[in-house]
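K.L.:
Before we start, here is the structure in question, set down as structure tokens.
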Amino acid sequence: FRSLKVVLCISSTRKGRLLATFERCWQRLCASYSILHSIVRLQGRNLINMLANRVMATLSTKSPPSKVMLAYGLFLTAALSVYHFVANGEFSAILTLAVMLQCLGFALLAVQVILTGSCTGISARALALDAWALLFRLSSTLWLHGYLPVDASGDFVYQAVDVVSLMLVMWLLNACLNEKKHTYQKEEDTFPIFPVVLVCLLLGAVFHADMNARPIFDTFWMTGLFVSTVAVLPQLWLISRTGGKVEPLTSHYIAAMAFSRALSGMFMWHARVDITCEPWVQGYNHAIWVILGAHALHLLLLGDFGYYYLKTMMAKGLTAQLDLVQDCCV
560 FRSLKVVLCI
570 SSTRKGRLLA
580 TFERCWQRLC
590 ASYSILHSIV
600 RLQGRNLINM
610 LANRVMATLS
620 TKSPPSKVML
630 AYGLFLTAAL
640 SVYHFVANGE
650 FSAILTLAVM
660 LQCLGFALLA
670 VQVILTGSCT
680 GISARALALD
690 AWALLFRLSS
700 TLWLHGYLPV
710 DASGDFVYQA
720 VDVVSLMLVM
730 WLLNACLNEK
740 KHTYQKEEDT
750 FPIFPVVLVC
760 LLLGAVFHAD
770 MNARPIFDTF
780 WMTGLFVSTV
790 AVLPQLWLIS
800 RTGGKVEPLT
810 SHYIAAMAFS
820 RALSGMFMWH
830 ARVDITCEPW
840 VQGYNHAIWV
850 ILGAHALHLL
860 LLGDFGYYYL
870 KTMMAKGLTA
880 QLDLVQDCCV
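For the sequence shown, my numbering begins at 560 and goes up steadily by one.
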């Protein structure tokens with residue numbers, strides 16, 4: 560018994576020492592995490608301040624390249640601000656950043672129209688599809704929460720950015736069809752869009768998820784995804800019928816839409832286990848694979864464009880005109 564008591568005493572002493580050591584390590588780990596978190600937030604603020612100063616410095620310049628850099632600077636400042644101060648670094652904020660990139664694309668088109676006074680090279684039919692896609696999506700996200708980011712940016716910022724995008728698209732459509740219609744290439748912009756919207760609506764009714772638990776608005780959200788996926792086709796059609804030349808800001812607009820789709824696809828892949836539907840086959844979630852397939856299709860449609868875009872930008876800079884015909888022949 561004395562031996563047993565000695566063993567128990569030694570064991571309890573070691574246990575106490577181990578617990579004390581573990582407690583000290585845990586306290587140091589928590590302190591290190593707090594310091595690291597503070598450093599990251601401080602660096603984020605410093606980066607935002609630096610970008611804001613760069614943006615303000617470009618306001619005094621008048622050249623188109625500076626306007627392009629101003630647009631990108633404003634986007635980066637806004638994106639970092641939303642990510643750090645609204646979403647608190649949550650991964651779901653990537654979905655908000657995706658719609659912000661889309662808004663940047665429309666803003667770049669607006670800058671092109673303002674700087675050149677012309678709508679040449681811009682497809683009004685592509686813009687019309689973008690407007691339909693935004694309307695379908697907003698019909699769900701303005702009052703339902705099934706397809707919103709779960710962080711604080713999904714409370715207001717996500718929807719507000721989509722509303723701004725819709726306003727920009729409507730302004731661009733007015734410029735193409737009314738104010739600057741003499742510069743709009745109506746004869747070449749002939750891609751049929753109404754059958755596309757109808758087919759997308761039918762596919763949305765068949766393949767929709769049930770995140771809103773309201774079949775009509777689940778259908779509208781899925782329809783908006785399908786329409787936005789193929790909205791680039793009229794723009795590519797117009798480019799092919801006008802010699803393959805793409806104005807710098809038009810190419811940036813198309814690239815911004817592709818990057819937006821890539822970010823959205825990353826979020827959907829991450830959230831694939833959370834997206835549900837009424838399965839046709841027990842145990843098989845068709846909705847998430849349709850959603851991921853739509854994202855992949857968009858990137859596939861822009862595969863060739865993306866290659867020549869990156870090649871041209873790296874060789875000639877952000878203000879270079881993209882010539883798809885000449886680049887394809889090289």
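Where a beta carbon is used, it is the ideal one built from N, C-alpha and C, also for glycine.
Would you mind listing the alpha helix (DSSP H) stretches within the stretch 632 to 688 that are 4+ residues and don't spill past its ends, in chain order?
P.N.:
652 to 675
K.L.:
Can you tell which of 690, 803 and 627 has the C-alpha that lies nearest to the C-alpha of residue 731?
P.N.:
690
K.L.:
How many Å lie between residue 890 and residue 837 at the Cα?
P.N.:
In the structure as shown, the chain begins at 560 and stops at 889. Residue 890 is therefore absent and cannot be evaluated.
K.L.:
For the pair the stretch 763 to 781 and the stretch 636 to 646, tell me if three or more CB-CB distances fall below 8 Å.
P.N.:
no
K.L.:
For residue 881, list the residues DSSP reports as bridge partners.
P.N.:
805
K.L.:
Nearest to residue 685 by alpha carbon, out of 696, 829, 786 and 853?
P.N.:
786
K.L.:
Among residues of its own chain, excluding the 5 on either side of residue 653, which ones have a beta-carbon nearer than 7 Å to its beta-carbon?
P.N.:
822, 825 and 826
K.L.:
My output table needs one value for residue 743: the three-state DSSP class, helix, strand or coil.
P.N.:
coil
K.L.:
With 16 as the cutoff for other CB atoms within 10 Å, does residue 841 come out buried or exposed?
P.N.:
Classification for residue 841: exposed.
K.L.:
Return the residue from the list 867, 881 and 818 that minimises the CA-CA distance to residue 854.
P.N.:
818
K.L.:
Where does the unbroken alpha helix (DSSP H) through residue 863 begin, and where does it stop?
P.N.:
862 to 875
K.L.:
Measure the alpha-carbon distance for residue 874 versus residue 640 and round it to whole angstroms.
P.N.:
31 Å
K.L.:
Could you check what DSSP says for residue 715 in three-state terms: helix, strand or coil?
P.N.:
coil
K.L.:
Less than 8 Å between the beta carbons of residue 748 and residue 793, yes or no?
P.N.:
yes
K.L.:
What's the gap between the Cα of residue 876 and the Cα of residue 644?
P.N.:
Roughly 33 Å between the two C-alpha positions.
K.L.:
With H, G and I counted as helix, E and B as strand and the rest as coil, what does DSSP make of residue 765?
P.N.:
Reduced to three states, the DSSP call for residue 765 is helix.
K.L.:
Does the beta-carbon distance from residue 710 to residue 771 come in below 8 Å?
P.N.:
no
K.L.:
Take every Cβ of the stretch 699 to 714, pair it with every Cβ of the stretch 669 to 685, and state whether three or more of those distances are shorter than 8 Å.
P.N.:
no
K.L.:
Between residue 839 and the rest of its own chain, which residues show a CB-CB distance below 7 Å, the 5 nearest in sequence each way excluded?
P.N.:
845
K.L.:
Tell me the rounded alpha-carbon separation between residue 722 and residue 670.
P.N.:
18 Å
K.L.:
Which two residues bound the contiguous alpha helix (DSSP H) that contains residue 831?
P.N.:
Where residue 831 is concerned, there is no enclosing alpha helix (DSSP H), because DSSP gives it neither an H nor an E.
K.L.:
For residue 800, which three-state DSSP category applies?
P.N.:
helix
K.L.:
Could you spell out where the alpha helix (DSSP H) holding residue 750 opens and where it closes?
P.N.:
Element bounds for residue 750: n/a, residue is neither H nor E.
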